[in-house]
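Engineer:
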Amino acid sequence: MTQVGDLRAKAETLASPLPALLAEAEHLATTVLLGDHGRRRAGLGDTFWQFRPAQSHDAARSIDWRRSARADAPFVQEKEWQIAQSVILWVDQGASMSFGSSKDLSTKSARARALGLAAAILLIRGGERVGLTGMRLPPRSGEVQLTKLAALLSEDKATDYGSPDAQGMLPHSRALFISDFLGDIGPVENALLRAADRGVRGALVQVLDPAEEAFPFDGRTIFESMTGALRHETLHAGDLKQRYLERLAMRKDRLAHLAKTTGWQFTTHHTGQSAANALLWIYGALERKA
Amino acid sequence: MWSIGPLGFSAPWILLGLIVLPLLWLLLRAVPPAPVRRRFPGVALLLGLTDADSQSDRTPWWLLLLRLLAIAGVIIGFAGPVLNPQVVRAGDGPLLVLIDGTWADARDWQRRVNRIDVLLSEAAQSGRPVALVSLTNLPPQAPVFQAADAVATRLPTLTPAPFAPDSDALIAFARTLDGAFDSFWLSDGLARDSRTALLDALETHGTVSVFESPRTVMALRPARFENGDVMLTTTRAPAAGTAEAVVLAIGLDPAGVERQLASLPITWDAGQSDTSASLTLPPELRNRVTRFELAGVQSAGAVTLTDDALRRREVALIAGGGEREGLELLSPLYYLNQALEPTADLIEGTLADVLLANPDVIVLADVAALTAPEQEAMLEWLDKGGLLLRFAGPRLAGSDIGRAVEDPLLPVRLRAGGRSIGGAMSWGEPKALAPFSDTSPFFGLAVPDDVSVSAQVMAQPDPTLSDRVIAALSDGTPLVTRKGVGAGQIVLFHVTANAEWSSLPLSGLFVQMLERLAVSTRPAQPEETELAGTTWMPEDVLNGFGVILPADTLSGVSGERLATGVPAADMPPGLYSGEARKIAVNIMNDDTEISAMRWPTRIAVEGLDVTAQTLLKGWVLGAALCLLVIDILASLFLSGRLTGPRARAAAILCAAFMMLPDTGRAQDVSDDFAVASLTEVVLAHVITGDAQVDDIAQAGLYGLSQTLYRRTSIEPALPIGVNIETDELAFFPILYWPITANQPLPSTDAYAKLNRYLRTGGMILFDTRDADLAGFGTASPEGRRLQAIARLLDIPPLEPIPNDHVLTRTFYLLQDFPGRYAGREVWVEASPPDAEQVEGMPFRDLNDGVTPVVIGGNDWAAAWAMDINGNRLVPVGRGMAGERQREIALRFGVNLIMHVLTGNYKSDQVHVPALLDRLGQ
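As they're listed, the protein sequences go chains E and H. Taking the working numbering, I'd label the letters of the first sequence as residues 1 to 290. Taking the working numbering, I'd label the letters of the second sequence as residues 291 to 1211.
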């Protein structure tokens, strides 16, 4: 529980400097559930917004007769548009995320969880509903949801590389995937395509350790994955550097390309950088109109 | 022990381990460096990448070499390497260690003692009984063989003697030897006839080994006087290549302080044994020279004392009658000039002028009366030790001085007119001289037959006359009379100084008589007959090191013995004084030959060098460890593991290695030193090199600083130890200088610095710390060292602290100045001779300045010493009396620092009532 509390505290700290994050709901009343905050424009909601002269396509039952009686022309009462957006969160909990190249740097999983929960806090403060992929936690709003999120995000998986679950994504909702994306790219691609099919937009945040970018190794080395399931032995680690970096760049290209085709946003974040930068980027990406 | 060159191994079998090194080479080459296991999530991207070169990294050759060196170092280290291993000398049975113990040994005496020490410890290891004999100090009986460690306790008392072994005594000693024993002979390297006999005797008892230093023995022959210059001859053995030496002329300066008066470089050409050089000195300086010595050679042979032979007396010649037309041969001074010119410096002029020059002798030839002021000045000069030599003549005979009453400038009363004998108008023959009586200074001079006296002035018979006659004619009438005046004397020749009245001035006797009267000085070694029957008292004697010691306790030497001129135990070299003259006995005479000893080929000759054996095990193992550390770093570097914090640690390690040899002093240290010394009053002590003495000095000054802080307005900072060679002295008001017996002499630069310090108002407190051992006047090793150190210091005349010295009242009123010991007198700068007690003043107005030195031996620092916690470090006395003594010692310290810092301020305080009185009016 302490770990959960820690995570929550870190996330709160990270989230505090930013204004409330409000996801923009584009359309579709079916998925729109009214939220707490008006959008300062006409739409569905409980609160009066304005009277406007009735036009030809307005149904007769929508005419506000009380207002129309005070004038010659019929008026229609418009309500303020009030919606709440659903945001689905996936933070990689695979063992590979627990890598940290030095004691000064936080592990990738710590950074990813902090970023994810911070975004969740911002969203929930903004009145949005936040949940986890794969039906683990359906989107809801409220502080209680944050506690549950924190508890679930603190869990670790035994597998080396995690993969997102495309299930449980509401159509036209928003999604935020945080991972190192070093494992098999297939499930990610699959999930993104399925999300795009449902009109879900979102952001991909690749969290990498500086050592993974620089590959500062040399000599005879056996590289092992974090669980030890994968291993690769080389006699000249230094010789591999160039080819490794090429492959890493290819992976980033692939992800960027995928994001582009599906209308998602993609960025790479290093644990050596400031977490607030990444959160700002997430804020911008989720607010962005598709 | 098995050895290669100077390197030996205590466990040589371990060296066989070096055979495995080639195997190790092959093994290490075959095995590649171990792989590193790394957790790395990016491994998924690496899968399928293959190495371009399937050959693994070989361990590089230099790393292999490093490892092999390290292993070799470990193997060699455990084999126990020893540098200069001591070869255990074969043999058992008793061992006789002989040392010549002469002046020629003195120069490297310590090395000889060390060599004996090593020989003794070897003998102790093999359990051989040892007897130690110094050939210049032979035991009366046969030498007793004792355990080696018992003999070793006698080593420090061995000193070289300032003479050569006596050959008769050596033969007698050889006869006392008995039984079988081996002999070790530490020779001084000089050939002596007495050696062969002793060597043969020793060889009948066992094998003989000789230890000898190849060092050149240098000696200085007596200085001679030649053509107005001092001729100095040095000799050496063996006569090897070219060499240089410096001869120092040492004497008293006008202030009475002994110092170097002149120096003369001397060069030997290759193969030359004797070399001479002449030194030109003004007569005033030359007469003050007391000895010549070879600079830097610590041996009695390198010192030659000067006696009257070198001294040229200043003789003033004054003739009566003024300008006299006449033949030069008739001049009253002609014969005196001829007799004295080779051996004395002559002054001519009026009496008033020559008295100013303060000559040794004034000769008045036929001068009758002097004016009253002249007579008064003359008497004053006589009181101070002048010799007035008067000759009679017509003028004196014709005058009426000394007729009725004795003239103060004549030894006897004179009869009017004189007498003339053997002339045309008189009866009798010209008179010859009577033999000299044994109370006469001329005793022993042969009276030639052809000396006759035809005229003389007659002495008035008188009760004192017979005492005053030192030469008479055959009929008993006085020819030469003498009387003492004060410290001086008046001698009257009752004849003329020319050949008018007698043929005495023409004879050789005249010159000899002048010599005996010390008017002139004789050039050569005195004859035995001349000295027969006299007794000579030693004034100064030399020890084997060439250091002058007072000869208070030595007995006199007969003239016959002195005439031999060969120093021995009964007549150590030195300065012997007899009646009115001094004779120096030196080790080297003009004809003393020294040459290097050639030992027979059957005798093994070894050097004196004792090379201490050095165990190298620790060093070699340490080096191997260092190599292994380097190997670790290099391996880490090669395997790519030298990253991050490890790299930093390695860098720090490397930097630490680089820093190690950096022991040089940075320039800014001196600035720091200056700042530390200048911000507050700092007491300083001279670093002697003896850690214990320095610690006590530091603690003592700390204790004194604390006392000053508590009781006075002086608040000193922590005391500082000063290295007089390197540190600036000008910052310190006082230097405390404890003297140790083996302290090195300061360098020339340091002396210049010290003299500048003393002249510009610094004070040095010399403490010989020996008041418990050395009473007044006896020289302890520390005292001798202090004399040697102070010789070149600019120190004024000293006196024991007078009761009214300002030191007795600068803060506390003190009567005595104890330290840890309450013994000896404390010496300060002498008060000026004209200091007088003024009416109404409690004290004399002594010196206007601060005494530049205070010299004592009471070990003050020990009495003051205090640790950081305020505990006294050294006990003083017993019980309350001791505490009282410590308190007085502290009060002396307070007074001393007050005196240093306030000068004569306290002395001026006695004038305060008078000043106030005057201000009031």
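Don't be surprised by glycine CBs; every beta carbon is placed ideally from N, CA and C. Values in this document were obtained by computation on a predicted structure and should not be read as measured data.
#1: Just curious, the beta strand (DSSP E) that residue 725 of chain H is in, first and last residue?
#2: For residue 427 of chain H, write down the residues that DSSP places opposite it in a beta bridge.
#3: In the structure shown, what three-state DSSP assignment does residue 970 of chain H receive?
#4: Write down every uninterrupted run of the alpha helix (DSSP H) in the segment 189–271 of chain E whose length is 4 residues or greater and which is fully enclosed by it, in chain order.
#5: State yes or no: is the beta carbon of residue 30 of chain E nearer than 7 Å to at least one beta carbon in chain H?
#6: What separation, rounded to the nearest whole angstrom, lies between the Cα atoms of residue 128 of chain E and residue 54 of chain E?
#7: On the CB-based measure, 16 or more other CB atoms within 10 Å of its CB, does residue 540 of chain H come out buried or exposed?
#8: Going by the CB atoms, is the gap between residue 518 of chain H and residue 877 of chain H shorter than 7 Å?
#9: If I follow the unbroken alpha helix (DSSP H) through residue 773 of chain H, where does it start and stop?
#10: Using a Cβ-Cβ cutoff of less than 8 Å, which residues in the same chain neighbour residue 739 of chain H once the five nearest sequence positions on both sides are dropped?
#11: Please compile the residues from chain H whose C-beta is within a distance smaller than 7 Å of the C-beta of residue 183 of chain E.
#12: So what's residue 122 of chain E in DSSP terms, helix, strand or just coil?
#13: Check whether the Cβ atoms of residue 248 of chain H and residue 678 of chain H sit closer than 7 Å, and answer yes or no.
#14: Enumerate in chain order the residues of its own chain whose CB-to-CB distance from residue 1155 of chain H is below 8 Å, with the five nearest sequence positions on each side excluded.
#15: Check the Cβ of residue 327 of chain H against every Cβ in chain E and list those closer than 7 Å, keeping chain order.
#16: On a CA-only basis, which of H:436, H:631, H:427 and H:405 is nearest residue 419 of chain H? Give me that one, please.
#17: Can you tell me the Cα-Cα spacing of residue 30 of chain E and residue 72 of chain E, whole angstroms?
#18: Counting only Cβ pairs nearer than 7 Å, list the residues of chain H close to residue 163 of chain E.
#19: By how many angstroms is the C-alpha of residue 451 of chain H removed from the C-alpha of residue 471 of chain H?
#20: In chain E, which residues lie less than 8 Å from residue 356 of chain H when you measure between Cβ atoms?
#21: First and last residue of the alpha helix (DSSP H) that includes residue 463 of chain H?
#22: Return the CA-CA distance between residue 167 of chain E and residue 113 of chain E, expressed in angstroms with no decimal places.
#23: Measuring CB atoms only, is the segment 757–777 of chain H touching the segment 693–702 of chain H, in the sense that at least three cross pairs come out at less than 8 Å?
#24: Any idea what DSSP makes of residue 1111 of chain H, helix, strand or coil?
#25: If you check the beta carbons only, do residue 1172 of chain H and residue 1060 of chain H fall under 7 Å apart?
#26: Do residue 132 of chain E and residue 89 of chain E count as a contact pair if the criterion is CB distance below 7 Å?
#27: Per DSSP, which residues does residue 677 of chain H bridge with? Please list them.
#28: Examine chain E for any beta-carbon lying closer than 7 Å to the beta-carbon of residue 330 of chain H, and answer yes or no.
#29: Note down, in chain order, all residues in the segment 195–218 of chain E with a beta-carbon under 8 Å from any beta-carbon belonging to chain C.
#30: Quick one: Cα of residue 299 of chain H to Cα of residue 308 of chain H, how far?
#31: Which class does residue 608 of chain H belong to by DSSP, given the choice of helix, strand or coil?
#32: When you compare each of H:840, H:572, H:1005 and H:355 to residue 313 of chain H by their alpha carbons, which one comes out closest?
#33: Please report the residue range of the beta strand (DSSP E) in which residue 399 of chain H lies.
#34: Could you check which residue in E:203, E:231, E:237 and E:207 has the C-alpha nearest to that of residue 218 of chain E?
#35: Counting only runs that start and end within the segment 84–163 of chain E, where is the alpha helix (DSSP H) found for 4 or more residues in a row?
#36: Classify residue 704 of chain H as helix, strand or coil using the three-state DSSP reduction.
Structural biologist: Quick look at the numbers:
#1: No beta strand (DSSP E) contains residue 725 of chain H, which DSSP labels as neither H nor E.
#2: Note: residue 427 of chain H sits in a beta bridge opposite H:424.
#3: Under the three-state reduction of DSSP, residue 970 of chain H is assigned to coil, being neither helix nor strand.
#4: The DSSP assignment places complete alpha helix (DSSP H) segments of no fewer than 4 residues inside the segment 189–271 of chain E at 210–214 and 237–262, in order along the chain.
#5: For residue 30 of chain E, the predicted structure reports a pLDDT of 27, less than 50, and the residue's modelled location is therefore unreliable. A value from the coordinates is still provided. Closer than 7 Å: no.
#6: C-alpha separation (whole angstroms): 33 Å.
#7: Classification of residue 540 of chain H: buried, given that the 10 Å Cβ count is 16 or more.
#8: Not closer than 7 Å, so no.
#9: Not the alpha helix (DSSP H): residue 773 of chain H falls in the beta strand (DSSP E), residues 768–775.
#10: So the list reads 722, once near-sequence residues are dropped.
#11: Going along chain H in sequence order, the residues near residue 183 of chain E (Cβ under 7 Å) are 334.
#12: Here residue 122 of chain E sits in helix by DSSP.
#13: No statement about residue 248 of chain H is possible, as the shown extent of chain H runs from 291 to 1211 and does not include it.
#14: Hits under 8 Å: 986, 989, 990, 992, 993, 1162, 1163 and 1164.
#15: What residue 327 of chain H touches in chain E, judged by beta-carbon distance under 7 Å, is 222 and 224, going in chain order.
#16: For the residues H:436, H:631, H:427 and H:405, the minimum Cα distance to residue 419 of chain H belongs to H:436.
#17: For residue 30 of chain E, the pLDDT reaches just 27, beneath the cut-off of 50, and the residue's location in the model is therefore unreliable, although a value from the coordinates is still provided. Roughly 35 Å between the two C-alpha positions.
#18: Neighbours of residue 163 of chain E on chain H: none; closest Cβ ~13 Å, over 7 Å.
#19: Their backbone Cα atoms lie some 26 Å apart in a straight line.
#20: Identification of chain E residues near residue 356 of chain H by a Cβ-Cβ cut-off of 8 Å yields none; the smallest Cβ-Cβ distance measures about 18 Å.
#21: If you look at residue 463 of chain H, you'll find it in the alpha helix (DSSP H) that goes 457–466.
#22: Their Cα atoms are separated by approximately 21 Å.
#23: Counting C-beta pairs with one atom in each stretch, the segment 757–777 of chain H and the segment 693–702 of chain H have three or more that are closer than 8 Å, which means they touch.
#24: If DSSP states are grouped into helix, strand and coil, residue 1111 of chain H belongs with coil.
#25: It is not a contact, given that the beta carbons lie outside the stated cut-off.
#26: Cβ distance < 7 Å, so residue 89 of chain E and residue 132 of chain E count as in contact.
#27: Residue 677 of chain H is bridged to H:651 and H:779.
#28: At least one chain E Cβ lies under 7 Å of residue 330 of chain H.
#29: Considering every chain present, this structure includes no chain C. Its protein chains are E and H.
#30: About 14 Å.
#31: In the structure shown, the three-state DSSP call for residue 608 of chain H is strand.
#32: If we check each option's Cα against that of residue 313 of chain H, H:355 comes out closest.
#33: From DSSP, residue 399 of chain H is part of no beta strand (DSSP E) but of the alpha helix (DSSP H) over 399–415.
#34: Out of E:203, E:231, E:237 and E:207, E:237 has the C-alpha closest to the C-alpha of residue 218 of chain E.
#35: DSSP runs (the alpha helix (DSSP H)) wholly in the segment 84–163 of chain E: 108–125 and 143–153.
#36: Judged by DSSP in its simplified three-state form, residue 704 of chain H adopts strand.
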